[in-house]
Amino acid sequence: MYQPSYYDNFKCIGSKCPNSCCIGWSIDLDLETFRKYKELKDPEFEKNISLNPFCSNDKFGTIKVDKDKRCSFLDNDNLCNIQKHHTKDLLAPICASFPRKRIEFGKKEISSCLLSCPEISRMIFDDKEPLRILNKKKKTVYGDFKIIPDELRSNIYAVKGEKVFNLLYQLYNDENISLEICLSVTNQIINENFNNAKSLKEIEKTFNYIKDFFINFKFSKTPETDSQLEFSKIFFENFLNKNLKNKLCDLIKKIYKKNYIEKNKNELRLVFERAKLQKYNKFISTFTYLDKKYFLHELFSNINIFTNEDFNAKEKFYVIFLISLLTKLILIFNAIDRDTITKKDFIEVISLVSRYYGGRAEFDDDDKKILLNQETFTNFFHLFFN
Numbered sequence: 001m002y003q004p005s006y007y008d009n010f011k012c013i014g015s016k017c018p019n020s021c022c023i024g025w026s027i028d029l030d031l032e033t034f035r036k037y038k039e040l041k042d043p044e045f046e047k048n049i050s051l052n053p054f055c056s057n058d059k060f061g062t063i064k065v066d067k068d069k070r071c072s073f074l075d076n077d078n079l080c081n082i083q084k085h086h087t088k089d090l091l092a093p094i095c096a097s098f099p100r101k102r103i104e105f106g107k108k109e110i111s112s113c114l115l116s117c118p119e120i121s122r123m124i125f126d127d128k129e130p131l132r133i134l135n136k137k138k139k140t141v142y143g144d145f146k147i148i149p150d151e152l153r154s155n156i157y158a159v160k161g162e163k164v165f166n167l168l169y170q171l172y173n174d175e176n177i178s179l180e181i182c183l184s185v186t187n188q189i190i191n192e193n194f195n196n197a198k199s200l201k202e203i204e205k206t207f208n209y210i211k212d213f214f215i216n217f218k219f220s221k222t223p224e225t226d227s228q229l230e231f232s233k234i235f236f237e238n239f240l241n242k243n244l245k246n247k248l249c250d251l252i253k254k255i256y257k258k259n260y261i262e263k264n265k266n267e268l269r270l271v272f273e274r275a276k277l278q279k280y281n282k283f284i285s286t287f288t289y290l291d292k293k294y295f296l297h298e299l300f301s302n303i304n305i306f307t308n309e310d311f312n313a314k315e316k317f318y319v320i321f322l323i324s325l326l327t328k329l330i331l332i333f334n335a336i337d338r339d340t341i342t343k344k345d346f347i348e349v350i351s352l353v354s355r356y357y358g359g360r361a362e363f364d365d366d367d368k369k370i371l372l373n374q375e376t377f378t379n380f381f382h383l384f385f386n
């Protein structure tokens, strides 16, 4: 078993949570939980659950939500009535486990947590230390993960993916290696289709060649304000057209109105660039570890993109990158009317964006129309770093 060092310290903060997991999401009930609720013969349970029209064992029923997308069992203090008046053992599996995430490899398990939980984001990014991964003895592992158990090591693709992750883990934890290099190597090794390598030594040789290339590469540093504003406009409009009811939608709607409706193009360019150069760059230079830690956490939490050939590793990596890009752009827009950007702002925004995109293995059709009709990594890279 491997897990981040924060994992065992997580405790739900309940009514103090700024973005409750019981609001804004549909809550599925598996067959066993649905039957358990029905057998209670409790009127509250009877009126608050329903059968899914196309049910399966995992999604047999659902908990009803009100017009504000609040779970029917949530009280006015944002506390769960099932836990308060019954027992936590009655919780649906998805409620009992959130925000924990597990990936099983036979007898081995990768455990992590979802950044969509604000308290998880706070725990990760409040800690200035590099991301530490612990083994089952609670000892820090420094880059020699044996993720694939002996009984599954005949799966050559998985073993090669394990090797790739080990190399990436060491790369991201090297203080002398910039985020630009880390992301470029990650993208290239995914594109190189490491499964074609004949041996683990060949993977390491290819990886080191790619790493050395980008260490010596001169990354372009050209102003991208116009491109960032154009991308944001298109993306925000596409997002608002989804007609969602959540805090991220409310935030984007506010940003869009204040900047793309109430300001002219020249005024917006001026205030956006000022916020980027004077506020965001100062913020990120103070908290240089935030972005690197985010990417490493997400690569660890989605390690099966390297070990399972059925996953589209490239698109999942783009989803991870998009979350970071949107977080940066939203922070810059928010900073236009503020004196500074704080770590608390970063935590709030990245948890909101992760809540919508973090669980996705790929983009939906609307997003694909504006994201995948170009070289997405190159586009994201320039929008993020320039």
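Just so we're aligned: 263 in our numbering is position 263 of the sequence shown, and the numbers increase by one with no gaps anywhere.
We treat Cβ as the ideally placed atom computed from N, Cα and C, and that holds for glycine.
Where does A96 land, buried or exposed, given buried means 16+ other C-beta within 10 angstroms?
exposed
Taking 9 Å as the threshold (C-beta atoms), are L74 and N81 in contact?
yes
Can you tell me which of the three DSSP states I100 falls into?
The amino acid occupying residue 100 in the given sequence is Arg; Ile does not appear at that position. Strand.
Any contact between the region 229-238 and the region 253-271? By contact I mean 3 or more CB pairs, one from each, below 8 Å.
By the Cβ criterion, the region 229-238 is in contact with the region 253-271, since at least three pairs of Cβ atoms, one from each stretch, lie closer than 8 Å.
Leaving out the 5 sequence neighbours to the left and right, which residues in its chain are closer than 7 Å to K221 when beta-carbon positions are compared?
These residues qualify, in order along the chain: N386.
Does the region 346-359 touch the region 374-383, meaning 3 or more C-beta pairs lie closer than 8 Å?
no
For H85, count the other beta carbons within 10 Å of its own beta carbon; 16 or more makes it buried, fewer makes it exposed. Which is it?
By the C-beta density criterion, H85 is exposed, having fewer than 16 other C-beta atoms within 10 angstroms.
By the DSSP assignment, the beta strand (DSSP E) with S20 in it spans what residues?
No beta strand (DSSP E) contains S20, which DSSP labels as neither H nor E.
How many Å lie between F272 and E109 at the Cα?
44 Å
Given that a residue counts as buried once 16 or more other Cβ atoms are within 10 Å of its Cβ, and exposed if not, what is I124?
buried
Can you have a look at Q228 and say buried or exposed, based on whether 16 or more other CB atoms are within 10 angstroms of its CB?
buried
If you follow the beta strand (DSSP E) that E109 is part of, which residue opens it and which one closes it?
K108 to C113
What are the residues that DSSP puts in a beta bridge with V141?
For V141, DSSP records a beta bridge to I133.
Can you list the beta strand (DSSP E) stretches of 3 or more residues lying completely in the region 32-109, in chain order?
49-51, 61-63 and 100-105
Could you have a look at P118 and say whether DSSP puts it in helix, strand or coil?
helix
Specify the secondary structure class of D310 as computed by DSSP and reduced to three states.
coil
Start-to-end residues for the beta strand (DSSP E) that takes in L167:
Unbroken run through L167 is the alpha helix (DSSP H), I156 to Y172; no beta strand (DSSP E).
Tell me, please, whether the region 179-196 touches the region 134-148 by the rule of three or more beta-carbon pairs shorter than 8 Å.
no
For S301, count the other beta carbons within 10 Å of its own beta carbon; 16 or more makes it buried, fewer makes it exposed. Which is it?
Buried, since its Cβ has 16 or more Cβ neighbours within 10 Å.
Would you call the CB atoms of A313 and F321 closer than 9 Å?
Going by C-beta atoms, A313 is not nearer than 9 Å to F321.
Three-state secondary structure assigned by DSSP to I27:
strand
In this structure, does DSSP put I7 in helix, strand or coil?
First, the amino acid is wrong: residue 7 is Tyr here, not Ile. Three-state DSSP puts Y7 in a helix.
Excluding the five sequence neighbours on either side, which residues of its own chain have a C-beta within less than 6 Å of the C-beta of G24, listed in chain order?
The answer, listed in chain order, is K69 and N246.
Just the C-alpha distance for F207 and V185, rounded to the nearest angstrom, thanks.
8 Å
Cα-Cα, which of K242, K328, R35 and Q170 is closest to H297?
Residue Q170 is the option with its Cα nearest to H297.
Counting along the chain, where does the alpha helix (DSSP H) carrying T342 start and finish?
From DSSP, T342 is part of no alpha helix (DSSP H); its letter is neither H nor E.
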